[in-house]
């Protein structure tokens, strides 16, 4: 990994007190959605982002969500925590995704789509695993923020963007410019912030799941399939869907089940 990226990770500020409190409440088996809502209510940025997500057609709640308690109750503790974390991480890292040819808003949208896809898909396979994968999918592209920053600092943003915009293998482009993929950078970021080893390794191997330890392989493979279907430069393109379905089929997933989930999401997006 480039020394400049390593130094950027070491220099990252700690997670906010609100996020620490959210993680504490989430880990407490005696806490409920009301306790989580109270913690979130004190952070206007997280509140605004949570309500924005709650009223997105991706989640299909079918009515306007106007307050934190409603949103937390509908999302549940796991999804609420994931959305709050995603928002806070992007704010901490000062997102500029220009080298990837997208806006920070588009980056946030695709991250949310990846998380939604894995939740909808894996809830039909294993709900407990779906909860773990949701947070990982929501945050797995975080490393791209640091890679984009490094590319800009090296004045390579124009050439990087020209390659990244139409690439069907962003990890390969990243490796060529910064000697590391965003999955590896993301893993280092969340290790720096003290996340569990399981969570870190799930993301670390998402660009190369065949190399993952056996206990992590299924999670890394699912994350890889999701980012194949929804690359930030061309989410749900015909080519991306074909690649993703083929990859899922190759490793033994029910291709029809995944296709149904994709179709449901595309229908919801069309109706928005």
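Residue numbers (the numbering used here): 20 to 291. Glycine included, C-beta positions come from ideal geometry on N, C-alpha and C. Keep in mind the model is a prediction, meaning the values are calculated, not measured.
{"Item": "With 16 other Cβ atoms within 10 Å as the buried cut-off, status of residue 53", "Value": "exposed"}
{"Item": "Spatially closest choice to residue 78 from 23, 128, 65, 47, by CA coordinates", "Value": "128"}
{"Item": "Test item: CB-CB of residue 249 and residue 133 under 9 Å", "Value": "yes"}
{"Item": "Whole alpha helix (DSSP H) elements within the region 192 to 242, 4-residue minimum", "Value": "201 to 211, 216 to 223"}
{"Item": "Nearest neighbour of residue 252, chosen from 80, 155, 102, 163 [CA to CA]", "Value": "163"}
{"Item": "Residue environment, residue 320, which counts as buried when at least 16 other CB atoms sit within 10 Å", "Value": "Within the shown structure, residues of the chain are numbered from 20 to 291, placing residue 320 beyond reach of any answer."}
{"Item": "Member of 165, 230, 225, 64 whose CA lies at the smallest distance from the CA of residue 35", "Value": "64"}
{"Item": "Straight-line gap, residue 165 to residue 204 (C-alpha atoms, nearest Å)", "Value": "8 Å"}
{"Item": "Segment limits, alpha helix (DSSP H) that includes residue 184", "Value": "Neither: residue 184 is in no alpha helix (DSSP H) and is coded neither H nor E."}
{"Item": "Residue closest to residue 288, alpha-carbon to alpha-carbon, out of 266, 255, 68", "Value": "255"}
{"Item": "Delimiting residues of the alpha helix (DSSP H) encompassing residue 110", "Value": "87 to 111"}
{"Item": "Continuous alpha helix (DSSP H) stretch holding residue 53: start and end", "Value": "52 to 60"}
{"Item": "Classification of residue 173 by the beta-carbon crowding that lies within 10 angstroms, buried from 16 upward", "Value": "exposed"}
{"Item": "Residue environment, residue 96, which counts as buried when at least 16 other CB atoms sit within 10 Å", "Value": "buried"}
{"Item": "Reference residue 195, options 206, 182, 207, closest by Cα", "Value": "182"}
{"Item": "Cβ shell of residue 221 (< 7 Å), same chain only, five flanking positions each side left out", "Value": "155, 235, 238, 239, 242"}
{"Item": "Residues near residue 103 in its chain [Cβ-Cβ closer than 7 Å; skip 5 each side]", "Value": "38, 41, 59, 65, 69"}
{"Item": "7 Å CB neighbourhood of residue 264 in its chain, flanking five on each side removed", "Value": "274, 277, 278"}
{"Item": "Under the three-state DSSP convention, the category residue 72 falls into", "Value": "helix"}
{"Item": "Alpha-carbon spacing of residue 30 relative to residue 82, whole angstroms", "Value": "42 Å"}
{"Item": "Alpha-carbon spacing of residue 147 relative to residue 179, whole angstroms", "Value": "38 Å"}
{"Item": "Cβ neighbours of residue 105 in the same chain (closer than 7 Å, five flanking residues each side left out)", "Value": "130, 157, 158"}
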